[in-house]
Structures are given as structure tokens and as C-alpha cells.
Amino acid sequence: MGLTAAAGAALVTATQNAQNALSSAEATQKQVGNAWTTAYETLIATMTDLLKNLEAKLNNDDTRWLAFGLQIPATITTPAQPVNVTAHIGPYNAIMVQCDLVPNAWRYRFRMMILGVQTDYALVASSTEPMASIVNKVLPGQTVQIIVQAVSGNMQGVPSDPIVFTVPVPPLKAAATADTLAQTAEHLAPAPAKDGHANGNRLPALS
């Protein structure tokens, strides 16, 4: 193959650099995902506490519900269509879906269809906030179609325009290690000549 020790060493260095870059990218993605999850959980807890507090202190026809951007419970109407629906991969390969806040919506329903596998949407998440985490539903490489509906009481609004999202396939890590490449380079390097002859055989002395 003509692979020299120098070429093998260069290949080892390139592989190590690629592995280091991949590890750094994975660590950064994990940090971003953890930060998103923490912010999401904090927001959900805060809004849940707020709703419980308002329900305990305000009547269903109290106009002060409006001061918090909420609909007066006694005047429930059909919420508007959710817009700006987006999706990305979060921690543990969950699909994180979110949309703009819909006025007067009490909760949101997230429906998904795996293209090529399912023929209709299935409810995969429900949340009081315009965001949800869809876990362990789709394999890497599969493509899904997602819609979101806002709900007020028993009134369900028009679903959002569908978005198409493909779950990314994790990058393959280099299978060969530095030691393996070094051993390969050493094995393929030409053997040193013996007694000045490339074939390693001693020629009989000429008389």
C-alpha cells in the first residue's frame, strides 16, 4: 500500500484532532440542551404557580385575568391558530417543539405523524405552555410532520400549519484509535534490508 510511518503518524494526528473536535461539539450541544431544559422547567413551574394563585383569588368573571394576558374563564372563546412552530433536538434526543404564545389559550396540544410509517396525526404531548418535549417517539433519520393546536376549556382552535422535521443521525466516531493506526503504519512500513540486500538474503561470495 506504500503507507510509511510518517504517513501513519499524520493519519493518527488527523484522527485525534477530529475526535477532539467531535468531543468538544458534543459537550457544547449538551450544555445548550441542559440550559434549555432548566429554563423550560423553571418557566413551567412559574406559570403553574401563577395559575393556581389566580384561580384561588379571582372569580371566573373577574376582569383582572386580562392583566396577566389570560382570558376570563367565564368568557371562553376558541383560541387562534398557533404560528411560528419550530422544532429542534434537545437532551436525550427529544424533539423540542415550540410556537408563539396564543392569546386566551389554556393549553396546547402537540400532534405528530411519522412520514412513511403513519397515515394520521397522533397526540404526543400536551402542555400549558407553547412548548413541549417529545421523547422516545422517533428514530434517528426518520422524518416527522408536526402540528400544534391551542385549547381554551373545551374549545380547540385551528391547528397550525404543519412543519416537517428530520431527526438527525448522530455522527459516526472514528473507529480506528491512535494505537491501531500506529500499529498499522508500523506493519505496512517496508522492512529494513539485511546485509545491504532488499530481499534480506546473503549472496554467496564470488570466487
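Each residue of the sequence shown is one higher than the last, beginning at 2 in my numbering. Just so you know, even glycine gets a beta-carbon here, dropped at the ideal spot from N, CA and C. Bear in mind the structure is a predicted one, so any value in this text is a computation, not a measurement.
What's the C-alpha gap between residue i and residue j?
i       : j       : result
Ala-15  : Thr-39  : 36 Å
Asp-162 : Val-84  : 7 Å
Pro-141 : Ile-96  : 11 Å
Ala-10  : Asn-18  : 12 Å
Glu-56  : Leu-116 : 41 Å
Gln-146 : Arg-65  : 38 Å
Asn-35  : Thr-78  : 37 Å
Tyr-109 : Leu-44  : 15 Å
Gln-82  : Asn-94  : 28 Å
Thr-5   : Ala-26  : 32 Å
Gln-119 : Pro-131 : 25 Å
Gln-143 : Asn-21  : 28 Å
Asn-30  : Tyr-41  : One point to set straight first is that residue 30 is Gln, not Asn, in the sequence displayed. Taking the straight line from one Cα to the other gives about 16 Å.
Pro-160 : Phe-166 : 17 Å
Val-33  : Val-86  : 20 Å
Asp-63  : Ala-28  : 49 Å
Could you check whether residue j and residue i sit closer than 8 Å to each other, using their CB atoms as the reference points?
i       : j       : result
Ala-151 : Ala-106 : yes
Ala-133 : Val-98  : yes
Ala-88  : Ile-148 : no
Ala-111 : Ile-90  : What sits at residue 111 in the sequence shown is Phe, not Ala. Not in contact: Phe-111 and Ile-90 (Cβ atoms no closer than 8 Å).
Pro-80  : Gly-158 : yes
Met-114 : Lys-138 : no
Thr-129 : Thr-49  : yes
Leu-23  : Pro-172 : yes
Can you check DSSP and say which residues form a bridge with residue i?
i       : result
Tyr-109 : Ser-128 and Ala-151
Ala-133 : Val-98
Ala-75  : Paired residue(s): none; Ala-75 is not in a bridge.
Gln-157 : Val-152
Met-114 : Gln-146
Ala-88  : Val-98
Thr-167 : Thr-144
Ala-57  : DSSP output for Ala-57 lists no bridge partner at all.
Ala-123 : Met-113
Report task. Could you tell me whether the stretch 65-85 touches the stretch 113-125, where touching means 3 or more Cβ pairs closer than 8 Å? Result -> Contact between the stretch 65-85 and the stretch 113-125 is absent: fewer than 3 CB-CB pairs across the two stretches fall below 8 Å.
Query - At least 3 beta-carbon pairs within less than 8 Å: the stretch 103-121 vs the stretch 152-161 - result: Yes, the stretch 103-121 is in contact with the stretch 152-161.
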